Amino acid sequence: MNEMNRTPLLEVRDLVVRYPIRGLSKREIHAVDCVSFTVHRGETLGLVGESGCGKTTVARQIVALERPTAGQVLFDGTDISTLRERELRALRPRIQMVFQDNDSSLNPRRRVRELLCAPMLYHGLVDRKDGAALERRLGELMDMVELPREALDRYPHQFSGGQRQRIGIAKALSLAPQLLVCDEPVSALDVSIQAQILQLLRSLQRDLGLSMLFIGHGLPTVRYISDRVAVMYMGQLVELAPSDALFDRPLHPYTRALCNAVPLADPTARDFTAHVLGGEVGSNMTPPTGCRFHPRCPVARECCKDMSLNVSLHTVEDGHSVACPYAQERGG
Ligand SMILES: Nc1ncnc2c1ncn2[C@@H]1O[C@H](COP(=O)(O)OP(=O)(O)O)[C@@H](O)[C@H]1O
Ligand SMILES: [Mg+2]
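Residue numbers are given in our numbering: position 209 of the sequence shown equals residue 209, and the series is strictly consecutive.
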């Protein structure tokens with residue numbers, strides 16, 4: 001526990017990401033708005049919310065593929081959002097990403113061996129001339145993701161989706177990261193395969209003592225793998241709590257809707273709460289004022305659209321925080 005109390009490995013502070021819309025001067029997509037959370041050492045934080053709510057945008061700022069409009073991304077105490085590319089380069093191996101659709105990150109013309117070697121050589125983690133050490137490391141990686149050594153000499157298309165995801169995980173692990181950002185890593189896989197990949201990620205996380213940000217939109221999946229879970233709605237966090245507390249006692253009306261939607265949900269549906277919630281979703285170009293969820297909220301009041309409404313997360317009990325100012329009076 002002491003370990004957990006020290007500087008978090010990752011701290012996201014008041015993150016804002018806006019995308020300009022081409023051709024529409026001054027209009028912007030409010031993709032992420034004032035999002036703050038931490039990931040502690042050895043912890044898995046789940047990030048859940050419907051498609052388009054800003055999850056991948058958050059991930060891209062954390063792995064420094066983009067620079068945020070405002071706010072900070074502190075990795076081990078350093079604000080990486082202001083680092084120059086040369087300084088970032090030294091940090092990149094420590095923060096690795098596993099993608100939903102990793103086909104685009106696995107060059108089809110390269111054998112697995114080459115796919116895995118390239119980043120390790122680029123970052124100087126192995127010596128090109130020390131063939132034996134390189135081979136040992138490749139073998140180790142195959143063992144970690146439970147693929148046979150022969151896999152090293154095959155091409156990505158010769159594998160199933162689940163096996164390709166194992167290769168994607170091996171590629172991320174090859175750089176010995178401290179933080180793994182997994183963006184819907186099982187969403188594209190058959191349900192029967194999803195559980196195997198999740199189990200693999202969970203045991204790797206534990207065995208290697210990794211920190212993980214696990215992005216998903218299936219609640220059972222996120223619950224299974226996460227120590228804590230953050231719920232996102234239209235660019236903002238609406239609730240954050242330890243996994244069990246969040247799913248057993250959801251406080252925010254949106255989280256409640258998500259929990260109710262689970263057994264019926266079609267995981268591929270864009271808006272999987274549509275059948276439990278009415279109202280207009282609204283646009284992230286002109287987000288609703290006050291609480292962004294108010295147009296769809298079953299218990300909204302007149303004051304929920306007030307511009308001055310404070311919808312930042314506030315703590316209601318140990319480690320459980322919620323953005324709805326009225327969550328507590330309604331009870332858990
Ligand atoms: N590069 C971009 N340029 C413009 N808009 C973007 C870009 N990336 C994402 N968006 C928009 O930002 C919002 C959040 O997208 P995203 O982070 O991909 O959501 P999620 O991963 O939760 O499905 C969406 O409205 C999306 O269309
Ligand atoms: Mg996404």
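C-beta atoms are modelled at their ideal positions from N, C-alpha and C, and glycine is treated no differently. These figures come from a predicted structure and were not determined experimentally.
*Are the stretch 87-106 and the stretch 176-191 in contact at 8 Å, needing three or more beta carbon pairs?*
yes
*Taking all protein chains shown into account, decide if THR82 is buried (16 or more other Cβ within 10 angstroms of its Cβ) or exposed.*
Here residue 82 corresponds to residue number 82 of the sequence shown, with the count starting at 1. Classification for THR82: exposed.
*Cβ-Cβ separation, THR44 to GLN199 (assumed contact under 8 Å), whole Å*: In the sequence shown, residue 199 corresponds to position 199, counting from 1. In the sequence shown, residue 44 corresponds to position 44, counting from 1. Between THR44 and GLN199 the Cβ distance is about 13 Å, and since that is not below 8 Å, they are no contact.
_Between which two residues does the beta strand (DSSP E) holding ILE95 run?_
Walking along the sequence shown from the start, residue 95 turns up at place 95. Looking at the DSSP string, the run of the beta strand (DSSP E) that includes ILE95 is 95-98.
*Could you tell me if GLU317 is buried or exposed, where buried requires 16 or more neighbouring beta carbons within 10 angstroms of its beta carbon?*
In the sequence shown, counting from the first residue as 1, residue 317 sits at position 317. That one is exposed.
*If you draw a straight line from the C-alpha of VAL191 to the C-alpha of MET307, how long is it?*
Here residue 191 is taken as the residue at index 191 of the sequence shown, counted from 1. Here residue 307 is taken as the residue at index 307 of the sequence shown, counted from 1. Taking the straight line joining both Cα atoms gives about 43 Å.
_Could you check whether the Cβ of THR255 sits closer than 7 Å to any heavy atom belonging to ligand 2?_
Numbered from 1 along the sequence shown, position 255 holds the residue referred to as residue 255. Checking the Cβ of THR255 against ligand 2 gives no.
*Report the residue from PHE214, CYS297 and GLY162 whose alpha carbon sits nearest the alpha carbon of LEU189.*
Taking the first residue of the sequence shown as 1, we reach residue 189 at position 189. It is GLY162 whose Cα lies nearest to the Cα of LEU189.
*Three-state secondary structure (DSSP) of ASP224*: For this step, residue 224 is matched to residue 224 along the sequence shown. Note on identity: in this sequence residue 224 is Tyr, with Asp being the wrong assignment. Looking at TYR224 - three-state DSSP - the assignment turns out to be helix.
*With DSSP collapsed to three states, give me the class of GLU140.*
Taking the sequence shown and counting its residues from 1, the one referred to as residue 140 is at position 140. Helix.
_I'd like to confirm the pairing. Which residues does DSSP put opposite CYS182 in its beta bridges?_
Here the question's residue 182 lines up with position 182 in the sequence shown. Partner(s): VAL98 and PHE214.
*Under a Cβ-count criterion, where at least 16 other Cβ atoms within 10 Å of its own Cβ denotes burial, should ALA59 be classed as buried or exposed?*
Stepping through the sequence shown from its first residue, residue 59 is reached at position 59. By the 10 Å Cβ count, ALA59 comes out buried.
*From LEU115 to ALA172, what does the alpha carbon distance come to, in whole angstroms?*
Mapped onto the sequence shown, residue 115 falls at position 115. Mapped onto the sequence shown, residue 172 falls at position 172. Roughly 11 Å separates the two Cα atoms.
_Complete alpha helix (DSSP H) runs within the stretch 152-210 (minimum length 4 residues, chain order)_ = 161-173 and 191-208
*Per DSSP, which one or two residues make a beta bridge with ALA64?*
As a working note, residue 64 is residue 64 in the sequence shown. ALA64 is not bridged to any residue.
_Here's a check: name, in chain order, each residue in its chain whose Cβ is nearer than 8 Å to the Cβ of GLU85, leaving out the five neighbours to either side._
One-based indexing of the sequence shown puts residue 85 at position 85. Excluding positions up to five away in sequence, the list is empty.
*Do you know offhand how far ASP153's Cα is from LEU138's?*
Translated into the one-based positions of the sequence shown, residue 153 becomes position 153. Translated into the one-based positions of the sequence shown, residue 138 becomes position 138. Looking at the two C-alpha atoms, the distance is approximately 11 Å.
*Who are the Cβ neighbours of VAL12 in its own chain at under 8 Å, not counting the five residues just before and after it?*
Working through the sequence shown from its first residue, we reach residue 12 at position 12. These residues qualify, in order along the chain: VAL35, SER36, PHE37, THR38, VAL58, GLN61, ILE62, GLY71, GLN72, VAL73 and LEU74.
*With DSSP as the reference, please indicate the residues paired to SER321 in a beta bridge.*
Counting from 1 along the sequence shown, the entry for residue 321 is found at position 321. Per DSSP, LEU240 and THR315.
_Buried or exposed for CYS324, going by 16 or more other Cβ atoms inside 10 Å?_
Reading the sequence shown from its first residue, position 324 is the one you call residue 324. Buried.
*asked:* Does the beta-carbon of THR56, which I'm using as the reference point, lie nearer than 7 Å to any heavy atom of ligand 2?
replied: Here the question's residue 56 lines up with position 56 in the sequence shown. Because some heavy atom of ligand 2 lies under 7 Å away, the Cβ of THR56 counts as near it: yes.
*Beta carbon of ASP183: closer than 7 Å to some heavy atom of ligand 2?*
In the sequence shown, residue 183 corresponds to position 183, counting from 1. Yes.
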